[in-house]
Amino acid sequence: MALIDIINHKKLGFALSAGEIQEFAGAAKDPGTPDYQLAALLMAIRINGMDARETAELTLAMAHTGDMLSPDVGGVAVDKHSTGGVGDTTTLVLAPLVAACGGRVLKMSGRGLGHTGGTVDKLESIPGFQTELPEGDFLRIVREVGCCVVGQTGELAPADKRLYALRDVTGTVDSIPLIASSIMSKKLAGGAQAIVLDVKCGSGALMKTPEDSLLLARAMVDIGQRNGRRMAALITRMDEPLGSHVGNALEVKEAIDVLAGRVGGPLLQVSLALGTRMLLLSGVADTAQQAQEMLDSALRAGSGLSKLAEMITAQGGDARVCFDTGLLPQARFQRPVKAKATGWLSRMDTELAGEAARLLGAGRRRKDDVIDPAVGYMTLKRLGDKVVAGEAVARLYYNDEALAVQAEEALQSALTVSPDKPSPAPWILARIDQDGKETSPA
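All residue numbers for the sequence shown refer to our numbering, where the first residue is 14 and numbers rise by one.
#1: By DSSP, does methionine 56 sit in helix, in strand, or in coil?
#2: Using a Cβ-Cβ cutoff of less than 7 Å, which residues in the same chain neighbour leucine 136 once the five nearest sequence positions on both sides are dropped?
#3: Out of Gly278, Pro254 and Ile269, point me to the one whose CA is closest to glycine 317's CA.
#4: Extract the residue ranges of the alpha helix (DSSP H) inside the segment 192 to 263, only unbroken runs of 4 or more that lie entirely within it.
#5: Can you find the residues in the same chain that come closer than 7 Å, C-beta to C-beta, to alanine 405, ignoring five residues on each side of it along the sequence?
#6: Restricting to runs no shorter than 3 residues, where is the beta strand (DSSP E) found entirely within the segment 390 to 452?
#7: Pull up the distance between the alpha-carbon of valine 4 and that of proline 109, whole angstroms please.
#8: Give the DSSP-derived three-state secondary structure of histidine 94 in the structure shown.
#9: On the criterion of 16 or more Cβ atoms from any shown chain inside 10 Å, does glutamine 35 qualify as buried, or is it exposed?
#10: When we look at the beta-carbon of methionine 75 and count the other beta-carbons within 10 Å, is it buried (16 or more) or exposed?
#11: In or out: phenylalanine 151 buried (at least 16 other Cβ within 10 Å) or exposed?
#12: Please specify which runs of the alpha helix (DSSP H), each continuous and at least 4 residues long, are wholly inside the segment 15 to 76, giving them in chain order.
#13: In whole angstroms, what separates the C-alpha of arginine 156 from that of valine 86?
#14: Taking just the CA atoms, how far does glutamine 419 sit from valine 182?
#15: On the CB-based measure, 16 or more other CB atoms within 10 Å of its CB, does phenylalanine 37 come out buried or exposed?
#16: DSSP state of phenylalanine 346, grouped into three classes?
#17: I'd like the ranges of any beta strand (DSSP E) spanning at least 3 consecutive residues and lying wholly in the segment 150 to 194.
#18: Restricting to Cα atoms, I'd like to know which of Gly260, Leu201, Gly215 and Thr103 is closest to methionine 244.
#19: Is it true that the CB of isoleucine 58 sits closer than 8 Å to the CB of leucine 179?
#20: If you scan the segment 308 to 388 from start to end, which runs of the alpha helix (DSSP H) of 4 or more residues do you find wholly inside it?
#21: Give a yes or no on whether the C-beta atoms belonging to asparagine 412 and arginine 345 are separated by under 8 Å.
#22: From the DSSP output, in three-state form, read off arginine 290 for me.
#23: In terms of residues, what are the limits of the alpha helix (DSSP H) holding valine 118?
#24: Quick check: isoleucine 20 and leucine 54, are their CB atoms within less than 8 Å of each other?
So this is what it looks like as C-alpha cells:
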C-alpha cells in the first residue's frame, strides 16, 4: 500500500482503514519515509479529522511501533497524565499520596519545554535523584515502594516522537485526534491499566476553552476504553498557576509542604480530586467518599511525605530534602515584584507567566537548553485578591540580574488589575467518570 494513496484517501475526506492506519504508523517510524509525505497526511487529518475508531486505531498502531510494557507491580498499575500548565506539581503530591493508600503508581513523565514545566526536571533538582532507570528497576521500585517516576524512554511509541516533531513545524498541533493519539499512544505503551487524565483549560493550557478541553478529554477516554483501560478525566482550570511556586526546586518544596500539611489551596484540591479517581480506578477504594477519606488520613498521618522520601531514596536521591527543604538548590538572589495599581487581580496570562519562569532559566525553549533548578518565583496573590499599588504580588528567585529584569517585565505584563472584583471560578470545571458520565461543574 503506497503512502500517497493513503494521503489521497484522507485528503478526499474518507475514513482510513485499519490497514491504512498501520501503514501510516509504520511509515512514521521508518527513517526512510520522507518528512513531506508524513506532513501532507498530518495536514489532511488536521483538515478532515478522524472519527473515534480511526483515532483509537492510530493510537494503538503508534504504541505498537515500540516497546509495550506489561508491568507486574503487585496490583493495578495506575497513571495520571496532565496536558501541561504552570505550577502544576500534582504528580509530586499524588504519586506518594496514592501509594501511601495502597495504590501502585507507574509514572513516565517528560521534561519542560516552552512555558510548561516538566516533572522530570523538578525531580532532578533533588540531589542525586535518577529519572533514567532500567525497566526492571522501574517496576521493582513500584512493587516495593508503591510509586516510581521516570523519564520516558526513546523506545516508547517512536512513530509518535517523529510525528510530534513534524506537527510542531507544520501547523497541525491543534488537531484533537492527533493530540489525543499522541498522548494516549505513550500511555498505552507504558502499560498502566488505569489512567486518570487532567485536561487543563485556560490561558496557560493547550486547550483554551472548556468546550475544546471536553472534546479532548472525551477522545482520550474513548481511546483508553476501546483498548481495555480504566479511564477517568477532570477538566481543570489553568488561567493562573496551580501552585504558588513556579520553578523546579521551588515546586518540589511546595509539594513537600503540601504533603507535610503546611500548605493547602488549589494544588492540594486538584491533587485530592485526581487521587480520588486514581484510587477508584485502581480498585483500592470502592467509593469516592472512601477514597477521599483514605487520602485525607494519609495526609494527616504524614504517610504521603514518608512515601515520597522512600521513592527518593529508591531512585538514588537525598531524601533529607523532605525534612529540610534548604537542601534543595537555592537561588543567590530574590526580590519582590510590586503591583503597579490598586484594585483586584482580575486576569493572568498564564502562558506569559510561564514564560517569565523560562526567562529566569527555569525552563527551556529548545530540548537541549540547560535549566537552572534553583530559579523561579512565588506568587503572593491569586485571581480575585485585592492588591495595593506598591504591594508585592510575587517574589523572584534568581541568579542573573539581567534575566530577572526580563522575567519581571513578563510577569508584570501577565497581570491585569481591575477596579471591580471578579467572580470566583471553580478549579474543577467538569469531570468524566469511568462509566462515561459527565458532570459539569464538578
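Glycine included, each C-beta is placed from N, C-alpha and C at the ideal position.
Straight from the coordinates:
#1: helix
#2: Phe142, Thr144 and Val162
#3: Ile269
#4: 223 to 239
#5: Pro349, Val350, Lys351 and Leu393
#6: 405 to 411, 428 to 431 and 441 to 445
#7: The first residue shown for the chain is 14 and the last is 455, placing residue 4 beyond what the model contains.
#8: strand
#9: buried
#10: buried
#11: buried
#12: 16 to 24, 31 to 42, 48 to 61 and 65 to 76
#13: 5 Å
#14: 27 Å
#15: buried
#16: strand
#17: 160 to 164
#18: Leu201
#19: no
#20: 316 to 327 and 363 to 373
#21: yes
#22: helix
#23: Here valine 118 belongs to no alpha helix (DSSP H); instead the beta strand (DSSP E) covers 117 to 122.
#24: yes
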